[in-house]
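Colleague: Got a structure here, written out as structure tokens. Questions coming.
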Amino acid sequence: MVRARNTVASRKRRKRLLKRAKGFSGDRKNHVRLSSDAVMKALAFSTMHRKKKKGDFRRLWITRIGVAAKAQGISYSRLINGLTKAGCQINRKMLSDIAIRDPQSFAAFADTAKQALAS
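Numbering (the numbering used here), first residue to last: 30 to 148.
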């Protein structure tokens, strides 16, 4: 009797793997054994980079706030300290957005921080 090899499931598994490897260069896109390693590594990197992206954006927001704060005559750390003392609970993402889109409002935030530090 002939051995049953469950060809349908095997082919489906290989096709799913090769579909994920689409766009890879060289033999990594069309050889099952090589693309298996490449896909596993790519998935690991994508997880790591999703975590890293959050820190990258926070760094960008802090840089933008720091530049806008210097234009108002206050350092970034003193601005954040003053806003904390004033009880202003705005996050860095929103503060960065305000610094870019509405400099007058950001100036009001800077004045609030300066007053909180003075008292």
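Built from N, CA and C at the ideal position, the CB exists for glycine as well.
(1) For a test of the three-state rule: what should DSSP assign to G95, helix, strand or coil?
(2) One question on the structure: do R79 and R121 come within less than 8 Å of each other, judged by their Cβ atoms?
(3) Tell me whether N110 sits in a helix, a strand or coil according to DSSP, three-state version.
(4) By alpha-carbon positions, which one of G84, A137, N59 ends up nearest to L112?
(5) So, are the CB atoms of Y105 and I119 less than 8 Å apart?
(6) By Cβ distance, which residues of its chain are closer than 7 Å to S65, with the 5 residues on each side in sequence left out?
(7) Distance, Cα to Cα, L140 vs D131?
(8) In angstroms with no decimal places, state the Cα-to-Cα distance between Q101 and F74.
(9) State buried or exposed for A98, treating a residue as buried only when at least 16 other CB atoms are found within 10 Å of its CB.
(10) With the cut-off set at 8 Å, would you say I94 and A115 are in Cβ contact?
Modeller: To lay it out plainly:
(1) Here the question's residue 95 lines up with position 66 in the sequence shown. Note: G95 maps to helix in three-state DSSP.
(2) The sequence position of residue 79 within the sequence shown is 50, counting from 1. The sequence position of residue 121 within the sequence shown is 92, counting from 1. The answer is no: Cβ separation not under 8 Å.
(3) Along the sequence shown, one-based indexing puts residue 110 at 81. The answer is helix: DSSP assigns N110 an H, G or I state.
(4) One-based indexing of the sequence shown puts residue 112 at position 83. Looking at the Cα atoms, A137 is the closest of the given residues.
(5) Here residue 105 refers to the residue found at position 76 of the sequence shown. Here residue 119 refers to the residue found at position 90 of the sequence shown. For Y105 and I119, no; Cβs fall outside 8 Å.
(6) The residue given as residue 65 occupies position 36 in the sequence shown. Taking S65 as the centre and dropping the five residues before and after it, the same chain places the C-beta of L46 closer than 7 Å to its C-beta, in chain order.
(7) Counted from its first residue, the sequence shown places residue 140 at position 111. Counted from its first residue, the sequence shown places residue 131 at position 102. Looking at the sequence shown, residue 140 is not Leu but Asp. Put simply, the backbone Cα of D140 is about 15 Å away from that of D131.
(8) Locating residue 101 in the sequence shown gives position 72, counting from the first residue. Locating residue 74 in the sequence shown gives position 45, counting from the first residue. If you take the alpha carbons of Q101 and F74, they lie about 40 Å apart.
(9) Residue numbering aside, residue 98 sits at position 69 when the sequence shown is read from its first letter. With 16 or more other Cβ atoms within 10 Å, it is buried.
(10) For the purposes of this step, residue 94 is taken as residue 65 along the sequence shown, with counting starting at 1. For the purposes of this step, residue 115 is taken as residue 86 along the sequence shown, with counting starting at 1. No, these two residues do not count as a Cβ contact at 8 Å.
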